[in-house]
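What follows is a single structure, written as structure tokens, with notes after it.
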Amino acid sequence: MKQIAILGSTGSIGSQALDVIASHPDEYEVYALTANNSVDKLIEQAIRFRPDCVAIANEAHYPKLRDALAGLPVKVYAGSEAICQIVTAAPIDIVLASMVGFAGLCPTIEAIKAGKTIALANKETMVVAGELVTSLALRYRTPILPVDSEHSAIFQCLSGEPGNPVEKIILTASGGPFRTFSMEQLGTVTKEQALKHPNWDMGAKITIDSASMMNKGFEVIEAKWLFGVPYDRIQVVVHPQSVIHSMVQYADGAVKAQLGAPDMRLPIQYAFSYPRRLNSDFPRVDFMKLGSLTFEEPDMVRFRNLALAYRALEKGGNMPCILNAANEVCVAAFLHDRIGFLEMSDVIERTMDTVAFRKESSLEDYIETDAEARRIAESFIR
1 MKQIAILGST
11 GSIGSQALDV
21 IASHPDEYEV
31 YALTANNSVD
41 KLIEQAIRFR
51 PDCVAIANEA
61 HYPKLRDALA
71 GLPVKVYAGS
81 EAICQIVTAA
91 PIDIVLASMV
101 GFAGLCPTIE
111 AIKAGKTIAL
121 ANKETMVVAG
131 ELVTSLALRY
141 RTPILPVDSE
151 HSAIFQCLSG
161 EPGNPVEKII
171 LTASGGPFRT
181 FSMEQLGTVT
191 KEQALKHPNW
201 DMGAKITIDS
211 ASMMNKGFEV
221 IEAKWLFGVP
231 YDRIQVVVHP
241 QSVIHSMVQY
251 ADGAVKAQLG
261 APDMRLPIQY
271 AFSYPRRLNS
281 DFPRVDFMKL
291 GSLTFEEPDM
301 VRFRNLALAY
311 RALEKGGNMP
321 CILNAANEVC
331 VAAFLHDRIG
341 FLEMSDVIER
351 TMDTVAFRKE
361 SSLEDYIETD
371 AEARRIAESF
381 IR
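For the sequence shown, position 99 matches number 99 in our numbering, and the numbering has no gaps at all.
Below you can see the structure in the form of structure tokens.
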């Protein structure tokens, strides 16, 4: 059986990954679970799945975690360094990188160096340090299998097409809950409204990113590194029904699309089982009930974050790292009612214009850039 480590097991992706594992007990076994702060949920998961080890990033929760699992044969650790060490354990076959934000970068890099197959759900890893991560994956011959529904769709559309030139990658976007809102309406958006995505059930941070279309901007950057396609050949198309998860257009004009119900368990399971397809009870697309599929051009004036992501990708270097850090600060501030929905783009752009640009960056440089960008973005919010 494949031994799986789940980084961010208490989040939406991590929880759904455990559903996939529970559905295929003859295929997969949980080796490690990690969380940031959700200690109660981590305890519940550890009791149910009996992993070899668990780790909580916030060391303040360690005593509670240790005491709750004292009667079980489960090793208990705390701190970000412990998480980086856990992913290198010899029995692990697959590391599901589903931690939220910049925090997922270092453990993912350590897992790559240890030769573990990466099931990548943490898009910020590629946004922040795509050049570094892809070069390490090549050096250590480590597969990176996408878990994002859009990138999983592209991966599936590329399958069976070795050597055939790709003309364009087409990323679909639902448009989020504010697709039809005017600028005036966007100016009064509340966090409660933004947290209600029309199609997907996701964590708070990614749901806000989806509402602002920063999530789609991150996916453009991620697609560039995962599939080696220049930014000007990656197109975003708004598709409100979220049935076509993405498409690939080839040099002869043919377009391949991957369709499915909006259920993240499908791309998670495919990353775990690739190249096999396992049986599942996931919802099926009923074409008799589907009705029409519609497509629109994204509005980069109302949703400036998408334009800022393209700008960061075109600039290269540490600019996507700056973009991500400023966005994480802004989303946290928005969720705490400290900044308006449209003001997030203002702060992100000012931060991109202020932080020192570096064309070439090491991991240490990315860490420094992230810290500087967070400090500057926070100063603009105050």
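Where is the CB? At the ideal position from N, CA and C, for every residue including glycine.
Residue i burial status per 10 Å Cβ neighbour count (16 or more: buried)
{"i": "M99", "result": "buried"}
{"i": "F380", "result": "buried"}
{"i": "V255", "result": "exposed"}
{"i": "E192", "result": "exposed"}
{"i": "P320", "result": "buried"}
{"i": "D370", "result": "buried"}
{"i": "N279", "result": "exposed"}
{"i": "P453", "result": "This structure gives no information on residue 453, because the portion of the chain shown stretches from 1 to 382."}
{"i": "P162", "result": "exposed"}
{"i": "I206", "result": "buried"}
{"i": "T351", "result": "buried"}
{"i": "S9", "result": "buried"}
{"i": "S362", "result": "exposed"}
Contacting residues, own chain, Cβ-Cβ under 6 Å from residue i (five flanking each side not counted)
{"i": "V237", "result": "I170, T172, F295"}
{"i": "E328", "result": "G101"}
{"i": "S292", "result": "none"}
{"i": "P267", "result": "V147, S149, S152"}
{"i": "T108", "result": "A97, T125"}
{"i": "A119", "result": "I94, L96, L145, V147, A271"}
{"i": "A325", "result": "D370, A373, R374"}
Nearest residue (CA-CA) to residue i, options the options
{"i": "E349", "options": "E161, K359, A307", "result": "A307"}
{"i": "V301", "options": "Q16, S80, E184", "result": "E184"}
{"i": "S242", "options": "A271, F155, E297, L259", "result": "L259"}
{"i": "Y310", "options": "P177, F218, A121", "result": "F218"}
{"i": "T188", "options": "L342, Q45, P275", "result": "L342"}
{"i": "A129", "options": "G316, A332, A22, V355", "result": "G316"}
{"i": "M1", "options": "F357, S38, F272, L7", "result": "F272"}
{"i": "V347", "options": "G163, L132, I376", "result": "I376"}
{"i": "A111", "options": "K75, R284, I234, A5", "result": "A5"}
{"i": "P51", "options": "N36, A57, L69, L120", "result": "L69"}
{"i": "Q269", "options": "G14, T10, L7", "result": "G14"}
{"i": "F303", "options": "A325, D337, K289, A211", "result": "A211"}
{"i": "V355", "options": "N305, Y274, L323", "result": "L323"}
{"i": "D252", "options": "N164, I208, M213, K289", "result": "N164"}
{"i": "S80", "options": "C106, D67, E378", "result": "C106"}
{"i": "F181", "options": "E360, L42, R382, P298", "result": "P298"}
{"i": "A22", "options": "N305, Y274, R265", "result": "R265"}
Simplified DSSP assignment, three categories, for residue i
{"i": "Q241", "result": "coil"}
{"i": "M264", "result": "coil"}
{"i": "Y77", "result": "strand"}
{"i": "L383", "result": "This structure cannot settle anything about residue 383, because the visible part of the chain is limited to 1 through 382."}
{"i": "E124", "result": "helix"}
{"i": "Y28", "result": "strand"}
{"i": "A5", "result": "strand"}
{"i": "L335", "result": "helix"}
Contacting residues, own chain, Cβ-Cβ under 7 Å from residue i (five flanking each side not counted)
{"i": "E314", "result": "Y231"}
{"i": "P240", "result": "S174, G175, R179, T294"}
{"i": "A204", "result": "L195, L335"}
{"i": "G11", "result": "S98, V100, G203"}
{"i": "D263", "result": "F282, P283"}
{"i": "I154", "result": "I169, A223, F227, S246, V248"}
{"i": "V285", "result": "V243, L259, G260, A261"}
{"i": "A137", "result": "I112, I144"}
{"i": "V39", "result": "I56, H61, K64, L65"}
Neighbourhood of residue i by C-beta distance below 8 Å, restricted to the same chain and skipping five residues each side
{"i": "R358", "result": "G317, N318, D365, T369"}
{"i": "N37", "result": "I56, A57, N58, H61"}
Three CB pairs or more closer than 8 Å across the region 133-152 and the region 106-124: As far as the Cβ criterion goes, the region 133-152 touches the region 106-124, which means the pair count is three or higher.
Do the region 148-160 and the region 246-265 touch if we need at least three Cβ pairs shorter than 8 Å? With a cut-off of 8 Å, the region 246-265 and the region 148-160 count as touching, because enough Cβ pairs lie within range.
Report yes or no: do the region 121-136 and the region 24-33 share at least 3 C-beta pairs separated by less than 8 Å? Not touching, per the Cβ criterion.
With a threshold of 8 Å, are at least 3 pairs of Cβ atoms found where one atom belongs to the region 83-97 and the other to the region 61-70? For the pair of segments examined, the region 83-97 was found not to touch the region 61-70: the number of CB pairs separated by less than 8 Å stays below three.
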